[in-house]
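There are 2 protein chains.
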Amino acid sequence: MLDKSPYEPLNAATLTRRLGGMPELTRRLGPAAHWQVREVGDGNLNLVFIVESPKGAAVAKQALPYARCVGESWPMSLERAFFEYHALVRLGARDPGRLPEVYAFDQSQALIVMEYLAPHVILRKSLVEGVVLPELGGHLGRYLARSLFRGSDFAMDTAHRKADLALFAGNGELCGISEDLIFTDPFRASPRNRVTAGLEGDAAAARADRDLKVAAAALKRRFATSAETLLHGDFHTGSVMVTDRDSRVIDPEFAFYGPMGFDIGSLLGNLMMAFFAQSGYRADHAACIAYQDWILDVAETVWWVFAAEFARLWKSGRNGILGLRELFEDVGHEIGARSVLTDLMEEVWRDTLGFAGIEMHRRILGLAHILEFEAIANEGLRAECERRALAMGRVLMLRARTLRGPREVSALARTMAERPL
Amino acid sequence: MLDKSPYEPLNAATLTRRLGGMPELTRRLGPAAHWQVREVGDGNLNLVFIVESPKGAAVAKQALPYARCVGESWPMSLERAFFEYHALVRLGARDPGRLPEVYAFDQSQALIVMEYLAPHVILRKSLVEGVVLPELGGHLGRYLARSLFRGSDFAMDTAHRKADLALFAGNGELCGISEDLIFTDPFRASPRNRVTAGLEGDAAAARADRDLKVAAAALKRRFATSAETLLHGDFHTGSVMVTDRDSRVIDPEFAFYGPMGFDIGSLLGNLMMAFFAQSGYRADHAACIAYQDWILDVAETVWWVFAAEFARLWKSGRNGILGLRELFEDVGHEIGARSVLTDLMEEVWRDTLGFAGIEMHRRILGLAHILEFEAIANEGLRAECERRALAMGRVLMLRARTLRGPREVSALARTMAERPL
Numbered sequence: 001m002l003d004k005s006p007y008e009p010l011n012a013a014t015l016t017r018r019l020g021g022m023p024e025l026t027r028r029l030g031p032a033a034h035w036q037v038r039e040v041g042d043g044n045l046n047l048v049f050i051v052e053s054p055k056g057a058a059v060a061k062q063a064l065p066y067a068r069c070v071g072e073s074w075p076m077s078l079e080r081a082f083f084e085y086h087a088l089v090r091l092g093a094r095d096p097g098r099l100p101e102v103y104a105f106d107q108s109q110a111l112i113v114m115e116y117l118a119p120h121v122i123l124r125k126s127l128v129e130g131v132v133l134p135e136l137g138g139h140l141g142r143y144l145a146r147s148l149f150r151g152s153d154f155a156m157d158t159a160h161r162k163a164d165l166a167l168f169a170g171n172g173e174l175c176g177i178s179e180d181l182i183f184t185d186p187f188r189a190s191p192r193n194r195v196t197a198g199l200e201g202d203a204a205a206a207r208a209d210r211d212l213k214v215a216a217a218a219l220k221r222r223f224a225t226s227a228e229t230l231l232h233g234d235f236h237t238g239s240v241m242v243t244d245r246d247s248r249v250i251d252p253e254f255a256f257y258g259p260m261g262f263d264i265g266s267l268l269g270n271l272m273m274a275f276f277a278q279s280g281y282r283a284d285h286a287a288c289i290a291y292q293d294w295i296l297d298v299a300e301t302v303w304w305v306f307a308a309e310f311a312r313l314w315k316s317g318r319n320g321i322l323g324l325r326e327l328f329e330d331v332g333h334e335i336g337a338r339s340v341l342t343d344l345m346e347e348v349w350r351d352t353l354g355f356a357g358i359e360m361h362r363r364i365l366g367l368a369h370i371l372e373f374e375a376i377a378n379e380g381l382r383a384e385c386e387r388r389a390l391a392m393g394r395v396l397m398l399r400a401r402t403l404r405g406p407r408e409v410s411a412l413a414r415t416m417a418e419r420p421l
Numbered sequence: 001m002l003d004k005s006p007y008e009p010l011n012a013a014t015l016t017r018r019l020g021g022m023p024e025l026t027r028r029l030g031p032a033a034h035w036q037v038r039e040v041g042d043g044n045l046n047l048v049f050i051v052e053s054p055k056g057a058a059v060a061k062q063a064l065p066y067a068r069c070v071g072e073s074w075p076m077s078l079e080r081a082f083f084e085y086h087a088l089v090r091l092g093a094r095d096p097g098r099l100p101e102v103y104a105f106d107q108s109q110a111l112i113v114m115e116y117l118a119p120h121v122i123l124r125k126s127l128v129e130g131v132v133l134p135e136l137g138g139h140l141g142r143y144l145a146r147s148l149f150r151g152s153d154f155a156m157d158t159a160h161r162k163a164d165l166a167l168f169a170g171n172g173e174l175c176g177i178s179e180d181l182i183f184t185d186p187f188r189a190s191p192r193n194r195v196t197a198g199l200e201g202d203a204a205a206a207r208a209d210r211d212l213k214v215a216a217a218a219l220k221r222r223f224a225t226s227a228e229t230l231l232h233g234d235f236h237t238g239s240v241m242v243t244d245r246d247s248r249v250i251d252p253e254f255a256f257y258g259p260m261g262f263d264i265g266s267l268l269g270n271l272m273m274a275f276f277a278q279s280g281y282r283a284d285h286a287a288c289i290a291y292q293d294w295i296l297d298v299a300e301t302v303w304w305v306f307a308a309e310f311a312r313l314w315k316s317g318r319n320g321i322l323g324l325r326e327l328f329e330d331v332g333h334e335i336g337a338r339s340v341l342t343d344l345m346e347e348v349w350r351d352t353l354g355f356a357g358i359e360m361h362r363r364i365l366g367l368a369h370i371l372e373f374e375a376i377a378n379e380g381l382r383a384e385c386e387r388r389a390l391a392m393g394r395v396l397m398l399r400a401r402t403l404r405g406p407r408e409v410s411a412l413a414r415t416m417a418e419r420p421l
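Same order as they appear, the protein sequences are chains Z and D. To convert, note that position 360 of the first sequence is 360 in my numbering; the numbers rise steadily by one, no gaps. To convert, note that position 1 of the second sequence is 1 in my numbering; the numbers rise steadily by one, no gaps.
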């Protein structure tokens, strides 16, 4: 925290004045007289500036006291910058190099200054453009295993774990937004919802679908009560920035203690939607199939790398509340520990599929839509792609127990896309 | 909070000086010159005084900075009085009249002054003496439904719920004790454990029982990660005081956000142990059977009254994060809400049986034993009763899915007691 001056939304000039007095930034970027500062559009909730100088560059992200996408009518606490800062530091330490480095945090201005990622682009854009990223699945699978394991009771002791739970319980406002927008709105008539023209009947069908709503209620309960680990909390393809060889995780302002499957499922659901969107812009059938196959390969790789890395950490790093080596390995009962891990992975897998399915509903029927579908210019075609995604999301929410692994999920996606298996 | 004087363990004289200056007490009890103050033994962690005057009476409970039962070698934070105070207030509001009324809280002395319950006795004592309490099951079942429902996301909004979660996350020290003493120690060699002579082989068998330890690990994970509601956290037959017509809940210093089944299971497990202990002191076979039948009837009543009262609150008081009337009742889908409740009750029931089973293990194989068994003078007979209880506890931990309701649990108990069904 730098000072106690009152919060004000910054512009290029006031930001330069403020950051120019911070030694941790002038050391990296040189004197502010040589900086170039520009505001760049972010999504919904923040101002984002890029600061460049002959010596280097940084990003400055300032929380706004309202949700920008809805206008000033939806006030939001500035405290979320505090939670994003703490989440960046923790998640960054759990998988070093995978999140932007934090240079400075100015709590009075709800302002985080951090590493400028270049030439990275948002993964959503890359998925629309059809770019193949050979290491994406491995990077994200490993990130998920390391962040989810190392923030959990398997790795953390009681004192640190409960203190962190208390700290992030303060992020209730953003949890409340997720609770409403993800788990409730898509399944009821809400003025915040919007759907592509032609999907009104599908939206009405979801609102009338009792089994689907019972599944949504169960998932909302998992989300609200299952404090398994510190989650990113908004881990979709818009929260990942990529180059050919690098993948970085950004924007953990929705961080909270929740179920492991929520982060994995958010990513998986977004990859599935990217899969269904492809026929909206790739007229060349063979090229479309090839890219769709790559997306499914990424989804499968995410899960398998997650599971393998989690198992590795399980063996070597189980030093927390739920470690329980004293019941198993220490007395020659390794097989018991393996059995606990197997049961855990089955539960995480079921959660993952359910949360993937609900993400696919809320991005099509709710408030916040995604670039992958929005980029389909032809509205009829977009509605068709979204309808297939909804059908798949419903199966993921209702039949999680029958899908035994990521290959079966890929097969389901191909079926729903009416592609020959 | 009254003042900032340094903490000191109080005695009758210093307590009188301190409380005599508090108007909220002199109003109830008259001037301190006419008080009679005596220290009475409590269990393990606290000093307890009874203050009596011609006008009335009160109990003063002061936390000690160590666990008394183990001596000063086990230091414990005084903050637990803070959590007990907050839990007394919340649980008392959720089921009015069921907890002692709080008169004053002196944080600097870790001191709670509250209603003196007389002529109440601890339920454990009453179960040893064979006293029938016609309303016990109804009282405790209703208390469980009201406290567990009203502290949950079904009843609480996001802001209050997350703030309370954060507050009670501070009670990590006592959660840590539970995590070790209940879920780990009974299943490993620990210098804190002790067993009745003759049970050494049973203890070794539990330590070698892989399935049992995998079940213990799963229950420990539920305990640590499933933040469903504000629990009492130590809800056994020593935390209930009774008369013929009244039942009161005391000592919620282990309060934290955890799974509903933990409080219910702790009580159920202790009732089952009281059942198995009866043949240790009731030589008259018919009298023993009759009292055992009454104990099983209490256990069944607790569950059925809990379930009925919970369903009533579910219909009328579902105004919290997980209320979701907007998906169900508000659009004519009552049956969907019933389905959510059914799924929830099945989960709570499975948790209840598992936690009951683990309670039965930790009270026989771990550090803290119970009066119901300790009161059996003949050690061989005590070991026999405890062995039957362990066998039942194992079934509860491993076969929760096969026991469809409390009558089947009673039948199992009778089988384990080798009584004709």
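Glycine included, every Cβ here is placed at the ideal spot set by N, Cα and C. On a predicted model such as this, the values are computed, not experimentally measured, just so you know.
Between the CA atoms of residue j and residue i - distance to the nearest angstrom
| i | j | result |
| --- | --- | --- |
| Z:H139 | Z:D246 | 8 Å |
| Z:A57 | Z:L267 | 29 Å |
| D:E24 | D:V59 | 14 Å |
| D:L2 | Z:R221 | Its pLDDT being 46, under 50, D:L2 is placed unreliably by the model, and the measurement read from it follows with that caveat. Cα to Cα, D:L2 sits roughly 40 Å from Z:R221. |
| Z:A189 | Z:R362 | 13 Å |
| Z:L371 | Z:R194 | 15 Å |
| D:I177 | Z:D164 | 18 Å |
| D:A383 | D:A169 | 38 Å |
| Z:F187 | Z:L398 | 15 Å |
| Z:G265 | D:A389 | 43 Å |
| Z:T229 | D:R18 | 45 Å |
| Z:A417 | D:D157 | 40 Å |
| Z:E309 | D:A413 | 44 Å |
| Z:L99 | D:K213 | 38 Å |
| Z:A356 | Z:N270 | 8 Å |
| Z:D106 | Z:I112 | 6 Å |
| Z:A145 | Z:I250 | 17 Å |
| Z:D209 | D:H333 | 10 Å |
| D:E135 | Z:D234 | 50 Å |
| D:R80 | D:H86 | 10 Å |
| D:I364 | D:T196 | 8 Å |
| Z:V242 | D:P259 | 40 Å |
| Z:I182 | Z:F223 | 10 Å |
| D:E379 | D:A32 | 47 Å |
| D:A277 | D:L396 | 18 Å |
| D:S126 | D:W294 | 13 Å |
| D:V298 | Z:A216 | 36 Å |
Residue i - partner residues in DSSP beta bridges
| i | result |
| --- | --- |
| D:T229 | D:G258 |
| D:D442 | With chain D running from 1 to 421 in the structure shown, residue 442 of chain D is simply not present. |
| D:A308 | Per DSSP, none; premise fails for D:A308. |
| Z:K61 | Z:V48 and Z:I112 |
| D:R38 | D:I50 |
| Z:I122 | Z:M241 |
| Z:Y66 | Z:P75 |
Integer-rounded CB distance, given that residue j should sit under 8 Å from residue i
| i | j | result |
| --- | --- | --- |
| Z:G30 | Z:K55 | 4 Å |
| Z:G495 | Z:I321 | There is simply no residue 495 of chain Z to check, as chain Z begins at 1 and stops at 421 in what is shown. |
| Z:M76 | Z:L47 | Not confirmed; about 13 Å, so no contact. |
| Z:E52 | Z:W35 | 7 Å |
Contacts of residue i in chain Z (Cβ-Cβ under 8 Å)
| i | result |
| --- | --- |
| D:D153 | R221, A224 and T225 |
| D:E79 | Simply none; closest approach about 12 Å. |
| D:T158 | G172, E173, C175, G176 and E179 |
| D:I358 | Under the 8 Å cutoff, chain Z gives no residues; its nearest Cβ is about 13 Å from D:I358. |
Under 7 Å by beta carbon: chain D residues contacting residue i
| i | result |
| --- | --- |
| Z:F187 | L327 |
Residue i: contacting residues in chain D (beta-carbon distance under 8 Å)
| i | result |
| --- | --- |
| Z:T184 | L324, E326 and L327 |
Contacting positions in the segment 323 to 348 of chain Z - beta carbon closer than 9 Å to chain D: Flagged, chain order: L324, E326, L327, F328, D330, V331, H333, I335, G336, A337, S339, V340, D343 and L344.
Short-range partners of chain D found in the segment 191 to 223 of chain Z, where Cβ spacing is below 9 Å: R207, A208, R210, D211, K213, V214, A216, A217, A218, K220 and R221
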